[in-house]
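*Asks:* Positions 0 to 372 (numbering that gives the first Met the number 0) are the ones given, in order, by the sequence shown.
Glycine included, every Cβ here is placed at the ideal spot set by N, Cα and C.
Given the structure is predicted, the values throughout are model-derived calculations rather than measurements.
The structure under discussion is supplied below as structure tokens; questions concerning it will follow.
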Amino acid sequence: MTNDINTKSNTKSTGDLSVYRGRTVLITGHTGFKGSWLALWLAKLGAKVVGISLDEGNSDGIFQRAALQKKVTHMIGDIRNGEFIKNMVALHQPEIVFHLAAQPLVRESYEQPAATFHTNVLGTVHVLEAIRNSPNVKAAIMITSDKCYKNKGWVWGYREQDELGGHDPYSASKACAEMVIDSYINSFFQQANHQAIASVRAGNVIGGGDWAKDRIVPDCMRALLDGKTISLRNPRATRPWQHVLEPLSGYLLLGSQLWHNRDRIGSWNFGPDLHSIVPVQELVEKIIHSWGTGSWEQVDDTNTKHEAHLLSLDYSKAKFMLQWTPRLTMDQTITMTVDWYKNFHTQDVYALCAKQIDFYSQLQGGNYNDKRS
């Protein structure tokens, strides 16, 4: 990563993540893109990480490349199996839970709608049931998606109290998951001695280690690594792009505050600034520029499915109540992302990720990093 990346704000977050040191933290979906970054970050903070995933993830993903199975308690299992989840929570007695396991792809949700709802909705129910029956859990962060909002094509960002909905099965499943979470909070987690539960929503997250199909950055990187032209289905579609460390820092901050303050229960947006809401074409051209070579072309997709053309989040609640704001410029986000893909074959991936976490932690301020690890 280059050394000329400058912060865009001198304002410091008040985050103190020392609460994670020595505590048992369960992550569902810990071998996925976001989950593996979170597992690595929590391990650096000194947490005892326990992970549940369907498999070990992509062979070039962070979980395998960074050898995270040596740093976390790794379990293979399916959140659609409620008895398994309940037994694992009872066995490991986590104190904090991050629920990320999901079917995360819009296009796949058209091909497997029932499985998408089963995983994203009933899987969420199973995790919440396990938490409800485990008094050792004190705080839980349930990760959903910005696509849980009923998309009305607004030019302004969606706020936490805005209407939920979903045109495609994936978006609808995330809206349903949000309703499930809200129901559990109101029905089972209202007393002062009960667990503190929150849901979090982020935009289109990018960064090193993502190899999912039909996602723009992995598609770009596969093409660039293979010396091929990048194919774009909808270059004018606008998305709120953010580096993976941005929302994860928000999740970690919220988790630490939930530990101490039940007033933080409820739903939260962790989105990028307006400058990071750009068309796909602009994102891809920045990636090509940072990579140093490459080209793109628009292609007709005979299997085109509905996807929202405009979607952004209003993170004012997190800004004023948590003192959280995104720190990276669009160029910094691209630089860090491309740097990872340029170097993962030749560098130690744990060290590569840790370096980016260290850099980002300095931007956020507070105790976002543990220098002893």
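What ranges does the alpha helix (DSSP H) occupy inside the stretch 211 to 285, keeping only unbroken runs of at least 4 residues that lie completely in it?
*Replies:* For the stretch 211 to 285, whole alpha helix (DSSP H) runs of length 4 or above, ordered along the chain, are 215 to 225, 244 to 259.
*Asks:* CB residue 140 to CB residue 186, shorter than 9 Å?
*Replies:* Not a contact, by the Cβ cut-off of 9 Å.
*Asks:* With a threshold of 16 other CB atoms inside 10 Å of the CB of residue 352, please say whether the residue is buried or exposed.
*Replies:* Flag for residue 352 reads buried.
*Asks:* Could you name the residues of the same chain whose beta carbon sits closer than 8 Å to that of residue 24, not counting the 5 residues immediately before and after it, in chain order?
*Replies:* Only 41, 46, 47, 48, 49, 93, 94, 95, 96, 97 meet the Cβ criterion.
*Asks:* Counting along the chain, where does the beta strand (DSSP E) carrying residue 23 start and finish?
*Replies:* Note, residue 23: beta strand (DSSP E), 23 to 27.
*Asks:* Can you list, in chain order, the residues of its chain with a C-beta nearer than 7 Å to that of residue 26? Leave out the 5 residues immediately preceding and following it.
*Replies:* So the list reads 34, 37, 38, 48, 50, 97, 99, once near-sequence residues are dropped.
*Asks:* Taking residue 242 as the reference, give the member of 340, 205, 258 with the closest Cα.
*Replies:* Of the candidates 340, 205, 258, the one whose C-alpha sits nearest the C-alpha of residue 242 is 205.
*Asks:* So, at 8 Å on beta carbons, what are the nonlocal neighbours of residue 61 in its own chain, with the 5 sequence-adjacent residues on each side left out?
*Replies:* So the list reads 32, 35, 36, 39, 67, 207, 208, 348, 352, once near-sequence residues are dropped.
*Asks:* Can you give, in chain order, each stretch of the beta strand (DSSP E) that sits fully within the stretch 178 to 206 and has at least 3 residues?
*Replies:* If we require 3 residues or more, the beta strand (DSSP E) runs fully inside the stretch 178 to 206 come out as 195 to 201, 203 to 205.
*Asks:* Are the CB atoms of residue 79 and residue 147 within a distance shorter than 9 Å?
*Replies:* Result no, Cβ atoms of residue 147 and residue 79 do not sit closer than 9 Å.
*Asks:* Taking the alpha carbon of residue 168 as the reference point, which residue from 234, 339, 120 has its own alpha carbon closest?
*Replies:* The shortest C-alpha separation from residue 168 is found at 120.
*Asks:* For a test of the three-state rule: what should DSSP assign to residue 125, helix, strand or coil?
*Replies:* It is helical.
*Asks:* If you drop the 5 nearest sequence neighbours on each side, which residues of the same chain put their C-beta closer than 6 Å to that of residue 181?
*Replies:* Hits under 6 Å: none found.
*Asks:* What are the boundary residues of the beta strand (DSSP E) that includes residue 47?
*Replies:* Taken as a continuous stretch (DSSP letters only), the beta strand (DSSP E) holding residue 47 covers 47 to 52.
*Asks:* When burial is assigned at 16 or more other CB atoms within 10 Å of the CB, is residue 256 buried or exposed?
*Replies:* It counts as buried.
*Asks:* Expressed to the nearest angstrom, what Euclidean distance is found between the alpha-carbon atoms of residue 233 and residue 260?
*Replies:* Those two C-alpha atoms are separated by around 43 Å.
*Asks:* Return yes when the Cβ of residue 53 is within less than 9 Å of the Cβ of residue 77, no when it is not.
*Replies:* Yes. Within cutoff.
*Asks:* Report all residues from its chain with a CB closer than 6 Å to the CB of residue 358; omit the five preceding and five following residues, and keep chain order.
*Replies:* Cβ within range, chain order: n/a, list empty.
*Asks:* Quick one: is residue 127 buried, meaning 16 or more other Cβ sit within 10 Å of its Cβ, or exposed?
*Replies:* Result: buried.
*Asks:* Look at the alpha carbon of residue 170 and the alpha carbon of residue 118, and state the distance between them as a whole number of angstroms.
*Replies:* Each residue's Cα considered, the two are about 13 Å apart.
*Asks:* Give every residue of the same chain whose Cβ lies closer than 7 Å to the Cβ of residue 129, excluding the five residues on either side of it in the sequence, and list them in chain order.
*Replies:* Excluding residues within five positions, the ones whose Cβ falls inside 7 Å are 84, 85, 88.
*Asks:* What distance in whole Å lies between the Cβ atoms of residue 289 and residue 334, which are believed to be in contact at a cut-off of 8 Å?
*Replies:* The pair is a contact, with the Cβ atoms about 6 Å apart (cut-off 8 Å).
*Asks:* Buried or exposed: residue 82, going by 16 or more other Cβ atoms within 10 Å of its Cβ?
*Replies:* Residue 82 comes out exposed.
*Asks:* By the three-class DSSP mapping on this structure, what secondary structure does residue 345 have?
*Replies:* Residue state, collapsed to three classes: coil.
*Asks:* On the DSSP bridge assignment, give the partners of residue 296 in chain order.
*Replies:* Beta-bridge pairing links residue 296 to 230.
*Asks:* Mapping DSSP to helix, strand and coil, what is residue 8?
*Replies:* Interpretation of residue 8 is limited by its pLDDT of 36, a score under 50 that renders its predicted location unreliable; no figure is taken from the coordinates.
*Asks:* Going straight from the alpha carbon of residue 115 to that of residue 108, what length do you get?
*Replies:* Cα-Cα distance, rounded: 6 Å.
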